[in-house]
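Mapping the sequence shown onto this note's numbering, position 251 (from 1) lands on 251, and the numbers just tick up by one.
Cβ coordinates follow ideal geometry from the N, Cα and C atoms, glycine included.
In this text, all values refer to a predicted model and were calculated from it rather than measured experimentally.
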Amino acid sequence: MIVELRHVYKNYIQGKMETPVLKDINFGIEEGEYVAIMGPSGSGKSTLMNIVGCLDQATSGELFIDGRDVSKCTDNEMADVRLNKIGFIFQNFQLLPRETALENVALPLSYAGVPVKERRKRAAEALEKVGLGDRMKHTPLQLSGGQKQRVAIARAMINHPKILLADEPTGALDQASGRAVMEMFRALNDEGITILMITHDANIAAHADRIVEIWDGELRYPEGEEHTFTGSAAAKNKETGAEQDQPAGPEDAEETEAEHE
Ligand code: ADP
Ligand code: MG
């Protein structure tokens, strides 16, 4: 599993008031999967995405990203995971308003220490790829919503992350632009990018290969699709592996032959 959450809780604390928002979230995503988490406004979707994206920390529980126990990471290590493993897409695009499309896309590369010439080259290629080769010098104000989200997609993918996290990616878009964004997600997933999309919209969620619902901070799985922990699964594999490592006695050999017949 490329992402796994085990018993994740999140409480927001304001003064003396503690509001439980996520309650015992157990969830996993296999590498290459395209999953949607769907739920109404206020159900905890953005809170969950911020935790998976290492933008915020859970109150308790464990989070594994690409085999790494992120719940035990320092802030710097979390920033490292964000930069190298995850691309983000937000409903409101989160572009720098005064910077050009090219500068916006190139930004993560500057954090990654890529020289400026190389940054521009790669950002230009990324913008070409999302069909905005003729809009590189435009600022967000000079772009339509759909174009802004394509700039955001180019920026999200510039460091070649394994995981794309999207929070209501079509929420601020007209239908045609929303459809274009969904087509791009499908193409990225076909290239092997793991996608977690969060939405309140069943029509948008339907673009994913698997949908899990969230209600009032709790996940609801379709029957028979409940999350099984890799921890116990891994332990089982280990047992089986250990047995196989031992030289097969004569009885075992007979059994194996019998199975083949
Ligand atoms: P969704 O994205 O599904 O609409 P959110 O994750 O944004 O839901 O919010 C879930 C709940 O947590 C809401 O009741 C919201 O009011 C509360 N909440 C979100 N962020 C904060 C915060 N920073 N402080 C306190 N409460 C918050
Ligand atoms: Mg939200």
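Determine the burial state of residue i: buried for a count of at least 16 other Cβ atoms within 10 Å of its Cβ, exposed for fewer.
{"i": "S41", "result": "exposed"}
{"i": "S43", "result": "buried"}
{"i": "Q14", "result": "exposed"}
{"i": "E18", "result": "exposed"}
{"i": "V130", "result": "buried"}
{"i": "D167", "result": "buried"}
{"i": "A187", "result": "exposed"}
{"i": "P222", "result": "exposed"}
{"i": "T228", "result": "exposed"}
{"i": "K148", "result": "buried"}
{"i": "H7", "result": "exposed"}
{"i": "N237", "result": "Because the pLDDT of N237 is 44, which lies under 50, any placement of that residue in the model is unreliable, and the number read from its coordinates should be weighed accordingly. Exposed: under 16 other Cβ atoms inside 10 Å."}
{"i": "V116", "result": "exposed"}
{"i": "G176", "result": "Per the sequence shown, residue 176 should be read as Ala rather than Gly. It counts as exposed."}
{"i": "P161", "result": "buried"}
{"i": "T306", "result": "Residue 306 lies beyond the range of the chain shown here (1 to 261); nothing can be said about it."}
{"i": "L219", "result": "buried"}
{"i": "A156", "result": "buried"}
{"i": "A262", "result": "No answer is possible for residue 262: the residues shown for the chain start at 1 and end at 261."}
Is residue i near the ligand SAH, in the sense that its beta carbon is under 7 Å from a heavy atom of that ligand?
{"i": "T47", "result": "Questions concerning the ligand SAH fall outside what the structure shown contains, since the ligands it does hold are the ligand ADP and the ligand MG."}
Cβ of residue i within 8 Å of Cβ of residue j?
{"i": "T100", "j": "T59", "result": "no"}
{"i": "K72", "j": "I198", "result": "no"}
{"i": "L102", "j": "G146", "result": "no"}
{"i": "A350", "j": "V35", "result": "Because the chain spans 1 through 261 in this model, residue 350 falls outside it and cannot be assessed."}
{"i": "M38", "j": "E213", "result": "yes"}
{"i": "Y12", "j": "D24", "result": "no"}
{"i": "I89", "j": "P169", "result": "yes"}
{"i": "I29", "j": "T194", "result": "yes"}
{"i": "P108", "j": "N189", "result": "no"}
{"i": "G217", "j": "L22", "result": "yes"}
{"i": "G67", "j": "G192", "result": "no"}
{"i": "T230", "j": "E4", "result": "yes"}
{"i": "G171", "j": "Q94", "result": "no"}
{"i": "V151", "j": "N104", "result": "yes"}
{"i": "M136", "j": "L143", "result": "no"}
{"i": "A123", "j": "A106", "result": "yes"}
{"i": "R196", "j": "L165", "result": "The residue asked about is misnamed: residue 196 is Leu in this sequence, not Arg. The answer is yes: Cβ separation under 8 Å."}
{"i": "R98", "j": "S110", "result": "no"}
Residue i and residue j look like a contact to me (Cβ under 8 Å); what is the Cβ gap, rounded to whole Å?
{"i": "I2", "j": "G53", "result": "Going by Cβ atoms, the distance from I2 to G53 rounds to 13 Å, so no, they are not a contact pair."}
{"i": "I163", "j": "M184", "result": "With 8 Å as the limit, I163 and M184 do not qualify as a contact, their Cβ atoms being about 16 Å apart."}
With a cut-off of 8 Å, does the C-beta of residue i fall near any C-beta of chain D?
{"i": "N84", "result": "No chain D is part of this structure, which consists of one protein chain only."}
* **Whole runs of the alpha helix (DSSP H) within the stretch 127-197, excluding any shorter than 4 residues** => With a minimum length of 4 residues, the continuous alpha helix (DSSP H) runs that stay inside the stretch 127-197 are 145-157, 175-190.
* If you scan the stretch 2-77 from start to end, which runs of the beta strand (DSSP E) of 3 or more residues do you find wholly inside it? -> Inside the stretch 2-77, DSSP marks whole beta strand (DSSP E) runs of 3 or more residues at positions 3-14, 17-29, 34-38, 60-65, from first to last along the chain.
* Whole beta strand (DSSP E) runs in the stretch 78-104 with 3 or more residues, listed along the chain? -> Within the stretch 78-104, the complete beta strand (DSSP E) runs of at least 3 residues fall at 86-90.
* Asked: Which runs of the alpha helix (DSSP H), 4 residues or longer, sit entirely within the stretch 199-231?
  -> Whole alpha helix (DSSP H) segments, 4+ residues: 202-205.
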